[in-house]
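What follows is a single structure, written as C-alpha cells, with notes after it.
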Amino acid sequence: MNSRDTSSRSMPASRGEGPPGDKLSLPEKAYYEIKRRILDNEFSSGSFRLEKELAELLDMSRTPVREAMIRLANEGLVEIRPRHGMRVLPVSAEDMVEIYDVLTALETQAVELLARRGLSDQELGQLMDSVDEMDDALADDDLTRWAAADERFHLLLVELCGNRRIATIVNTYWDQSHRVRMLTLGLRPRPTSSNNDHRAVVQAIQNGDVIAARDHHREHRVNSGRMLVELLDKYGLSSI
11 MNSRDTSSRS
21 MPASRGEGPP
31 GDKLSLPEKA
41 YYEIKRRILD
51 NEFSSGSFRL
61 EKELAELLDM
71 SRTPVREAMI
81 RLANEGLVEI
91 RPRHGMRVLP
101 VSAEDMVEIY
111 DVLTALETQA
121 VELLARRGLS
131 DQELGQLMDS
141 VDEMDDALAD
151 DDLTRWAAAD
161 ERFHLLLVEL
171 CGNRRIATIV
181 NTYWDQSHRV
191 RMLTLGLRPR
201 PTSSNNDHRA
211 VVQAIQNGDV
221 IAARDHHREH
231 RVNSGRMLVE
241 LLDKYGLSSI
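First residue of the sequence shown? That's 11 in the working numbering, and the numbers climb one at a time after it.
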C-alpha cells in the first residue's frame, strides 16, 4: 500500500457548492448559486431567465451574473439567449448515453491509475467511509443520502487518481447528469448491488489488481448508464 501523505487533499464538493473555506469573488458566488438552483431543479429544464432577473434575485450587478452564465454555458448547463438571458438546457436519453460513455471511459481510467499506484490509508478510509455511508443510507431508506454518498465515492476516485484533467472533465459531466439521476432516483431498483460493486472496486484497488479494478468499475458504469436510459424510455421522459 502506498503510504504517501494526502492530508492536503480535500473531499470533492457536492454538486453546486463552492469550494469550502475559499473566499469567493462575486462572479464565483453567482456561478455557484445559479448552478445550485439548476442542479436542484429550482430552475427547471427549458426555463428562461433574464440577466436582470438573476441579478435582482442574487442581489448583485449584472456583470458577475453575465460572467457566471458564460461559465455555465461552457459547461453545457445553459445556453445564452438573445436579450442577455439564459435557457436551462434539458438532458435527453441520447445525452445520457453520451454522458455515460464519457464517465465510463474516464472513471475506469482513474480506477486503473489508482490500482497501479495503490491507496494510502487515508485514501482507503475516505473511499470506505463513502461506501459505509451508502449502506447506512439504504438501511434508513434514505435514497437522497445514498445518492450523495454514491456521488462522493465516484468523485473521490477521480479526485485521488492524480490526473486533474480527468477530474475536471468527470465533474463537468456529473453536473450534466445530476438532474436526471435525482429525478429518477425513486424509479430505480433498490441500489444494493451498486454498494457491492463499489466494495469490489475498492478491494481490487487495494490489492493492486489493475485488471479486476478496471473491469469491475467499467461493468458498474455500463450497467448504471443502461439502467438510467431504460428508465427514461420506460417512463416516457424524453428530456429532463
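Don't be surprised by glycine CBs; every beta carbon is placed ideally from N, CA and C. For clarity, every value in this text was computed on a predicted model and none was experimentally measured.
Using a Cβ-Cβ cut-off of 6 Å (strictly less than) and excluding sequence neighbours within five positions of residue i, which residues of its own chain qualify?
| i | result |
| --- | --- |
| Ala177 | Val168, Glu169 |
| Ser249 | Pro100, Ser102 |
| Leu171 | Note that residue 171 corresponds to Cys in the displayed sequence, not to Leu. Cβ neighbours of Cys171 beyond the five flanking positions: Ala120, Leu123, Leu124. |
| Pro37 | Pro74, Glu77, Ala78 |
| Ser20 | Low per-residue confidence applies at Ser20: pLDDT is 36, beneath 50, and the placement is therefore not dependable, though the value from the model is reported in the following sentence. Hits under 6 Å: none found. |
Does the Cβ of residue i have 16 or more other Cβ atoms within 10 Å, making it buried, or fewer, making it exposed?
| i | result |
| --- | --- |
| Ala125 | buried |
| Asp50 | exposed |
| Tyr41 | buried |
| Glu63 | exposed |
| Gly31 | Here the model assigns Gly31 a pLDDT of 45, short of 50, so the residue's position is not dependable, and the following value carries that caveat. Exposed is the call here. |
| Asp152 | exposed |
| Leu166 | buried |
| Asn84 | exposed |
| Ile109 | buried |
| Ser71 | exposed |
| Asp243 | exposed |
Residue i and residue j look like a contact to me (Cβ under 8 Å); what is the Cβ gap, rounded to whole Å?
| i | j | result |
| --- | --- | --- |
| Arg91 | Phe58 | 7 Å |
| Arg189 | Ser55 | 7 Å |
| Gly218 | Gly128 | 6 Å |
| Ala147 | Ala159 | 6 Å |
Would DSSP call residue i helix, strand or coil?
| i | result |
| --- | --- |
| Arg175 | helix |
| Phe53 | coil |
| Glu77 | helix |
| Ile250 | coil |
| Gly95 | strand |
| Val101 | coil |
| Arg59 | strand |
| Gly85 | Inspection of the sequence shows that residue 85 is occupied by Glu rather than by Gly. Note: Glu85 maps to coil in three-state DSSP. |
| Thr16 | Residue placement at Thr16 is flagged as unreliable, the pLDDT there being 36, under the threshold of 50; a coordinate-derived value is accordingly withheld. |
| Arg236 | helix |
| Met21 | Its pLDDT being 35, under 50, Met21 is placed unreliably by the model, and the measurement read from it follows with that caveat. Coil at Met21, not helix or strand. |
Give me, in chain order, the residues of the same chain whose beta-carbon lies closer than 8 Å to that of residue i; leave out the 5 immediate sequence neighbours on both sides.
| i | result |
| --- | --- |
| Phe163 | Leu137, Ser140, Val141, Met144, His208 |
| Phe53 | Ile44, Arg47, Arg59, Val98 |
With a CB to CB cut of under 7 Å and the five nearest residues on each side skipped, what residues in its chain are close to residue i?
| i | result |
| --- | --- |
| Ile215 | Val121, Leu124, Ala125, Leu129, Ala223 |
| Gly95 | Phe58, Arg59, Leu60, Glu61 |
Cβ contact check for the stretch 227-234 and the stretch 104-119: 3 or more pairs under 8 Å: yes
Does the stretch 238-248 touch the stretch 192-204, meaning 3 or more C-beta pairs lie closer than 8 Å? yes
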